[in-house]
Amino acid sequence: MANPGLPVPAHPLLRALILLGAPGAGKGTQAKEVARIYDVPHLSTGDMFREHVARGTELGSRAKPIMESGKLVPDEIVLGMVEERVARKDCAAGFVLDGFPRTLPQAERLEEILGRLPLRRALAVNLLVDEEAIVRRIASRRTCKSCGAIYSAGAKMPRVEAVCDACGGPIVQRPDDREDVVRQRLATYNEQTRPVVEFYRRRSQLLELDGSKDIAAVQHELLALLARLHQQ
Ligand code: AMP
192 MANPGLPVPA HPLLRALILL GAPGAGKGTQ AKEVARIYDV PHLSTGDMFR
242 EHVARGTELG SRAKPIMESG KLVPDEIVLG MVEERVARKD CAAGFVLDGF
292 PRTLPQAERL EEILGRLPLR RALAVNLLVD EEAIVRRIAS RRTCKSCGAI
342 YSAGAKMPRV EAVCDACGGP IVQRPDDRED VVRQRLATYN EQTRPVVEFY
392 RRRSQLLELD GSKDIAAVQH ELLALLARLH QQ
């Protein structure tokens with residue numbers, strides 16, 4: 192549900208908005224809501240892989256053991272999937288990327304792909320949260336197996352226990368949200384994804400937000416930032 196206090200955007204997004212941050216920094220939660228408010232697609236590569244796993248596709252069976260180990264799926268698989276997706280008509284007014292790019296080659300290739308689309312310069316927003324807070328957050332995270340809606344034990348749980356408010360699907364803990372896998376995902380992030388943050392910083396395409404604040408506060412700052420940027 193939208194927070195009634197949120198500003199309604201007076202302008203279309205018209206760009207790729209890239210949400211960066213460690214696993215559990217709040218990328219998925221924020222990306223879904225911003226995409227909904229701007230009425231553009233929310234493209235989560237993690238969700239795309241989970242869908243493939245659920246459908247039992249060949250791509251899904253290649254990705255599953257890698258995901259469950261906390262490592263990254265090879266670039267060429269991710270890139271093929273993203274390239275096909277952003278070429279679709281519904282991405283013409285912009286889109287929100289969540290969990291992509293995660294390596295330097297992905298970031299470089301994304302620039303080439305975006306160069307072919309009639310959009311404004313992409314913007315990366317890095318959500319900053321410290322690691323111990325992340326481990327705690329992810330340990331309490333629960334996810335709808337059907338639609339990917341995100342819940343949190345203690346903070347935001349469904350009205351009916353273990354049943355998704357949005358679609359009625361079952362709410363579970365993602366297999367890669369177990370603490371040992373989370374620590375591996377953080378190591379992968381530090382090694383392979385931190386350089387992506389620096390890539391966008393060098394290109395002056397990076398803004399950073401304190402992701403440790405509550406969901407509504409981060410959302411408010413993110414929307415205000417997009418509105419300011421549009422006026423420039
Ligand atoms: P996420 O839901 O974004 O945390 O993604 C879950 C898992 O999917 C990751 O831990 C990776 O194994 C895989 N994955 C998602 N996005 C990417 C990406 N851009 N590059 C490589 N692997 C990815």
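Going from the sequence shown to the working numbering is simple: count from 1 and add 191. Just so you know, even glycine gets a beta-carbon here, dropped at the ideal spot from N, CA and C. Just so we're clear, the structure is a prediction, and the values are computed from it rather than from any experiment.
#### Entry: DSSP three-state assignment for Lys347, whether helix, strand or coil
Here residue 347 refers to the residue found at position 156 of the sequence shown. Lys347 carries a strand assignment under DSSP once its states are collapsed to helix, strand and coil.
### ligand 1 heavy atom lying under 8 Å from the CB of Ile209
Residue 209 sits at position 18 when you count from the first residue of the sequence shown. Flag unset: Cβ of Ile209 not near ligand 1.
### Query
Where does Cys338 land, buried or exposed, given buried means 16+ other C-beta within 10 angstroms?
By 1-based counting over the sequence shown, the position of residue 338 is 147. With fewer than 16 other Cβ atoms within 10 Å, it is exposed.
### Task
Give a yes or no on whether 9 Å exceeds the smallest Cβ distance from Gly339 to chain E.
Going by chain labels, chain E is absent from the structure shown, which holds only one protein chain.
### Message
Here's the rule: buried if 16 or more other CB atoms are within 10 angstroms of the residue's CB, otherwise exposed. What is Ala340?
### Response
Counting from 1 along the sequence shown, the entry for residue 340 is found at position 149. Around the beta-carbon of Ala340, 16 or more other beta-carbon atoms lie within 10 Å, marking it buried.
### Message
Using the Cβ count rule (16 or more neighbours within 10 Å means buried), how would you classify Asp230?
### Response
In the sequence shown, residue 230 corresponds to position 39, counting from 1. With fewer than 16 Cβ atoms within 10 Å of its Cβ, Asp230 is classed as exposed.
#### Entry: Residue closest to Met258, alpha-carbon to alpha-carbon, out of Val351, Val277, Asp371 and Ala298
For the purposes of this step, residue 258 is taken as residue 67 along the sequence shown, with counting starting at 1. The closest CA to that of Met258, considering only Val351, Val277, Asp371 and Ala298, is found on Asp371.
### Query
Residues in its own chain within less than 7 Å of Arg376 by CB, not counting five upstream and five downstream?
Taking the first residue of the sequence shown as position 1, residue 376 is located at position 185. Pro214, Gly261 and Asp367, listed in sequence order.
### Query
Using a threshold of 8 Å, is the CB atom of Gln297 nearer than that to any non-hydrogen atom of ligand 1?
Within the sequence shown, residue 297 is the residue found at index 106, counting from 1. Yes, the Cβ of Gln297 comes within 8 Å of a heavy atom of ligand 1.
### Message
Measuring only from the beta carbon, is Lys223 closer than 8 Å to any heavy atom that is part of ligand 1?
### Response
Your numbering for residue 223 matches position 32 in the sequence shown. Lys223 Cβ: outside cutoff for every heavy atom of ligand 1.
### Message
On a Cα-Cα basis, can you pick out the residue from Glu299, Leu310, Ser331 and Arg246 that is closest to Thr384?
### Response
Start at 1 with the first residue of the sequence shown, and residue 384 comes out as number 193. Comparing Cα positions, the closest option is Glu299.
### Message
Between Ser235 and ligand 1, is there a pair consisting of the residue's CB and a ligand heavy atom that are separated by less than 8 Å?
### Response
Indexing the sequence shown from 1 puts residue 235 at position 44. Result yes, Cβ under 8 Å from ligand 1.
### Task
Please report the Cβ distance between Leu416 and Leu398, rounded to the nearest whole angstrom; I am assuming they are in contact, meaning their Cβ atoms lie under 8 Å.
Residue mapping note: residue 416 aligns to position 225 of the sequence shown, counting from 1. Residue mapping note: residue 398 aligns to position 207 of the sequence shown, counting from 1. A Cβ-Cβ separation of about 6 Å places Leu416 in contact with Leu398 under the 8 Å criterion.
### Message
Taking only three categories from DSSP, how would you classify Pro203?
### Response
In the sequence shown, counting from the first residue as 1, residue 203 sits at position 12. In this structure, Pro203 counts as coil in the three-state DSSP scheme.
### Beta-bridge partners of His233, as assigned by DSSP
Within the sequence shown, numbered from 1, the residue matching residue 233 stands at position 42. Looking at the DSSP output, His233 shares a beta bridge with Val287.
### Query
Would the C-beta of Phe390 count as close to ligand 1, meaning under 8 Å from any of its heavy atoms?
Working through the sequence shown from its first residue, we reach residue 390 at position 199. No, ligand 1 has no heavy atom inside 8 Å of this Cβ.
### Message
Does Pro265 come out as helix, strand or coil in the three-state DSSP assignment?
### Response
On the sequence shown, position 74 is the one that residue 265 refers to. In the structure shown, Pro265 falls within a coil segment according to DSSP collapsed to helix, strand and coil.
### Task
In angstroms with no decimal places, state the Cα-to-Cα distance between Ala193 and His411.
The count along the sequence shown starts at 1 and reaches residue 193 at position 2. The count along the sequence shown starts at 1 and reaches residue 411 at position 220. Low per-residue confidence applies at Ala193: pLDDT is 45, beneath 50, and the placement is therefore not dependable, though the value from the model is reported in the following sentence. Using only the alpha carbons, I get a separation of about 11 Å.
### Runs of alpha helix (DSSP H) wholly within the segment 309-395 (minimum 4 residues, chain order)
Listed in chain order, they are 322-330, 370-379 and 385-393.
### Query
Three or more beta-carbon pairs under 8 Å between the segment 221-238 and the segment 287-304, yes or no?
Contact holds: three or more Cβ-Cβ distances are below 8 Å.
### Query
Is Gly219 near ligand 1, in the sense that its beta carbon is under 8 Å from a heavy atom of that ligand?
Position 28 of the sequence shown holds residue 219. Yes - ligand 1 has a heavy atom lying nearer than 8 Å to the Cβ of Gly219.
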